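Participant: What follows is a single structure, and I will ask about it in a moment.
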Amino acid sequence: MQEPDGHLFDAFVITRRPALLRTAYLLTGHAEDAEDLVQTTLIKVVPKWGRIQDNPEPYVRKVLAREATNRWRTRRWRETLVEHLPDREGPGASLTWSLTVRDALLQLPPRQRAVIVLRYYDDLTERETAATLGIAIGTVKSQTSDALTRLRTLIPDLSASDDSSVASLRG
92 MQEPDGHLFD AFVITRRPAL LRTAYLLTGH AEDAEDLVQT TLIKVVPKWG RIQDNPEPYV
152 RKVLAREATN RWRTRRWRET LVEHLPDREG PGASLTWSLT VRDALLQLPP RQRAVIVLRY
212 YDDLTERETA ATLGIAIGTV KSQTSDALTR LRTLIPDLSA SDDSSVASLR G
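Mapped onto the working numbering, the consecutive letters of the sequence shown carry residue numbers 92 to 262.
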């Protein structure tokens, strides 16, 4: 077993944390939960760092996705209903679209949501998504198909021929 290199871990966290937070936000739907999810993920990764430091991204994403699913199972969703959306500076069509897609993603079951986020947001291949989630490639394909069908029902403007609309959350 290799000795963990703290400098490499620090560099990984500094460079990859923003992307991990964006992915975690799409998986949880809440900024605070995303922060907690990334922190928990990084804590779980530290003991394995010596083994994974040469290529940590796949392992970290696997831990992130599994931890998100585990949290969903134990907590379910905590929703705060409000009468009016808070005002934000410069709300444009892209913000409205992003919120629409995010809200629809939150209505998907955790595995479907994870597949969509990893495939369309994180731009992973079917094989990489399967490895990250520990499922078969066929399961990735069927979950993607089912999720996109559901998203098209929830968002009528989502074109059946242009699933890249889901990836519009990359911003």
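Quick reminder that beta carbons are idealized off the backbone N, C-alpha and C, glycines included. Predicted, not measured: the structure shown is a model, and the values here were computed from it.
Is residue 212 near residue 117, with beta carbons less than 8 Å apart?
Facilitator: Yes, they are a contact pair.
Participant: Taking only three categories from DSSP, how would you classify residue 146?
Facilitator: In this structure, residue 146 counts as coil in the three-state DSSP scheme.
Participant: Taking a contact to mean a Cβ-Cβ separation below 8 Å, would you say residue 235 touches residue 201 in this structure?
Facilitator: In this structure, residue 201 does not lie closer than 8 Å to residue 235 by Cβ.
Participant: For the alpha helix (DSSP H) that contains residue 109, what are its first and last residues?
Facilitator: Counting along the chain, the alpha helix (DSSP H) containing residue 109 begins and ends at 97-119.
Participant: Using only the alpha-carbon positions, how far apart do residue 158 and residue 247 sit?
Facilitator: Approximately 31 Å, taken between the alpha carbons.
Participant: Are the CB atoms of residue 137 and residue 154 within a distance shorter than 8 Å?
Facilitator: No, the pair does not count as a contact, with Cβ atoms beyond the cut-off.
Participant: List the whole-angstrom C-beta distance separating residue 209 from residue 125, where the pair is believed to meet the contact cut-off of C-beta under 8 Å.
Facilitator: 15 Å between Cβ atoms; not a contact.
Participant: Going by the beta-carbon positions, is the gap between residue 217 and residue 228 smaller than 8 Å?
Facilitator: Yes, these two residues count as a Cβ contact at 8 Å.
Participant: My parser needs the beta strand (DSSP E) runs of 3 or more residues fully inside the region 178-245; what are they?
Facilitator: Segments of the beta strand (DSSP E) lying fully in the region 178-245: there are none.
Participant: Between the C-alpha atoms of residue 206 and residue 102, what's the straight-line distance to the nearest angstrom?
Facilitator: Distance between the alpha carbons of residue 206 and residue 102: 27 Å.
Participant: Which same chain residues, not among the five before or five after residue 114, have their C-beta less than 7 Å away from its C-beta?
Facilitator: Closer than 7 Å at Cβ, skipping near neighbours: 155, 208, 212 and 213.
Participant: Assuming residue 151 and residue 131 make a contact with CB atoms under 8 Å, what is their CB distance in whole Å?
Facilitator: Not really, about 12 Å apart at Cβ, beyond 8 Å.
Participant: So residue 249 packs on residue 198, CB below 8 Å; how close in whole Å?
Facilitator: Between residue 198 and residue 249 the Cβ distance is about 13 Å, and since that is not below 8 Å, they are no contact.
Participant: Which class does residue 92 belong to by DSSP, given the choice of helix, strand or coil?
Facilitator: Here residue 92 scores only 41 on pLDDT, less than 50, and its place in the model should not be relied on; the value that follows carries that caveat. Here residue 92 sits in coil by DSSP.
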